[in-house]
Amino acid sequence: MNTLLGRGRIPASSAIDVEVFNQFFAEKVAKVRSSTADAPPPTFSHVRPGASFRRFSLLTNDDVISAIRRLPDKHSAADPIPTSVLKQVADIIAPYIVELFNCSLTDGHFPAVFKEAFITLVVKKPGLDVTDAGSYRPISNLSVLSKLLERLVVRQLMEYLSSADLLPLLQSGFRQGHSTETAVIRVLSDILQAVDRGDIAALIFLDLSAAFDTVDHLILLQRLQTTFGIGENAYRWFQSYLSGRYQYVRRGHAKSFVTYLICWDQSFLYCTLWI
Numbered sequence: 192m193n194t195l196l197g198r199g200r201i202p203a204s205s206a207i208d209v210e211v212f213n214q215f216f217a218e219k220v221a222k223v224r225s226s227t228a229d230a231p232p233p234t235f236s237h238v239r240p241g242a243s244f245r246r247f248s249l250l251t252n253d254d255v256i257s258a259i260r261r262l263p264d265k266h267s268a269a270d271p272i273p274t275s276v277l278k279q280v281a282d283i284i285a286p287y288i289v290e291l292f293n294c295s296l297t298d299g300h301f302p303a304v305f306k307e308a309f310i311t312l313v314v315k316k317p318g319l320d321v322t323d324a325g326s327y328r329p330i331s332n333l334s335v336l337s338k339l340l341e342r343l344v345v346r347q348l349m350e351y352l353s354s355a356d357l358l359p360l361l362q363s364g365f366r367q368g369h370s371t372e373t374a375v376i377r378v379l380s381d382i383l384q385a386v387d388r389g390d391i392a393a394l395i396f397l398d399l400s401a402a403f404d405t406v407d408h409l410i411l412l413q414r415l416q417t418t419f420g421i422g423e424n425a426y427r428w429f430q431s432y433l434s435g436r437y438q439y440v441r442r443g444h445a446k447s448f449v450t451y452l453i454c455w456d457q458s459f460l461y462c463t464l465w466i
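Numbering (our numbering), first residue to last: 192 to 466.
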């Protein structure tokens, strides 16, 4: 259907070397970071007394099987087997995955092999110059097991944040029962109420360039610890999760050099802790 409607992905132009793409994306993040290099140091609110998250609960076979069943069927070249096949053998392979994941959570160590990401290039929208690196959006591809462990971790993290009442009241992103629809309804309601009172209503949209890609890992870790009470073994796991990340651009059989990252798009974590 996407192909018939002209909405299919446009392949990256072979006229641009993968190393050019790799350098372009790295420099884009570096430029955004340098533009705020002279900003004052960040400040952090302190977690409420009694709120703390020090260790993860051990996972069970049912936890992993249920999470596998909910995975989207799409997969990438980083996966040893297609996701659809993984779902078919979930009952058989689950005990081994549980053992691996529980070792990761108890040791506070995120497997290094899960930190490798390759970038797929996608043209932002039809009509753009495909010979310009700026016309492409980088899609980060991770192995399905890496994403599976992320999903299981974020479930426990969100349960803690909700029970400790640490989530912002108006947050709609990455929150159960909330969506872009609830955010739009809230904004529209505020505007209509202001108009009904005879006030002047103005709506300002703010779009941050590479917002998730430029969050500094050290700042994020300090925020986890100070504002959200993440400590001890759980803190060590997040510290391991954020460190040693690397990526490369891939197009067909062409592969760029590896780039190690001090910022990376962990959208699930950044959006959860966006306030």
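Don't be surprised by glycine CBs; every beta carbon is placed ideally from N, CA and C.
If you're wondering where the values come from, they're calculated on a predicted model, not measured in any experiment.
**Request:** Name the two residues that bound the continuous beta strand (DSSP E) containing residue 329.
**Result:** Looking at the DSSP string, the run of the beta strand (DSSP E) that includes residue 329 is 327-332.
**Request:** Check whether the stretch 405-419 touches the stretch 301-315, counting contact only when three or more Cβ pairs, one atom from each stretch, lie closer than 8 Å.
**Result:** No, the stretch 405-419 is not in contact with the stretch 301-315.
**Prompt:** Smallest Cα separation from residue 421: which of 386, 223, 240, 436?
**Reply:** Of the candidates 386, 223, 240, 436, the one whose C-alpha sits nearest the C-alpha of residue 421 is 240.
**Message:** Taking only three categories from DSSP, how would you classify residue 416?
**Reply:** Correct three-state label for residue 416: helix.
**Item:** residue 418 beta carbon less than 8 Å from that of residue 236
**Value:** Yes, the pair counts as a contact, with Cβ atoms nearer than the cut-off.
**Asked** When the Cα atoms are used, what is the spatial distance from residue 256 to residue 203?
**Response** Each residue's alpha carbon lies about 36 Å from the other.
**Request:** Drop a sphere of 10 angstroms on the beta-carbon of residue 261, count the other beta-carbons inside from all chains shown, and report buried for 16 or more, exposed for fewer.
**Result:** Flag for residue 261 reads exposed.
**Asked** Since residue 340 contacts residue 292 with CB under 8 Å, what's their CB separation in whole angstroms?
**Response** For residue 340 against residue 292, the beta-carbon gap comes to about 6 Å, under 8 Å, which counts as contact.
**Item:** Residue of 372, 434, 308, 391 minimising C-alpha distance to residue 335
**Value:** Among 372, 434, 308, 391, the Cα nearest to that of residue 335 is on 308.
**Request:** Return the chain-ordered list of same chain residues with a C-beta closer than 6 Å to the C-beta of residue 328, the five sequence neighbours on each side being excluded.
**Result:** Annotation for residue 328: 313, 315 place their beta carbon closer than 6 Å to its own, counting only its chain and skipping 5 residues before and after.
**Message:** Does the stretch 212-228 come into contact with the stretch 381-391, if we say contact requires no fewer than three beta-carbon pairs (one atom in each stretch) closer than 8 Å?
**Reply:** Short answer: they don't touch.
**Prompt:** Between residue 371 and residue 380, which are expected to be in contact by the criterion C-beta below 8 Å, what is the C-beta distance as a whole number of angstroms?
**Reply:** The C-beta separation of residue 371 from residue 380 comes to about 15 Å, leaving the pair out of contact by the 8 Å criterion.
**Prompt:** For residue 464, does the count of other Cβ atoms within 10 angstroms reach 16, so buried, or fall short, so exposed?
**Reply:** Confidence in residue 464 is poor, its pLDDT being 44 and thus under 50, which makes the residue's placement too unreliable to answer from.
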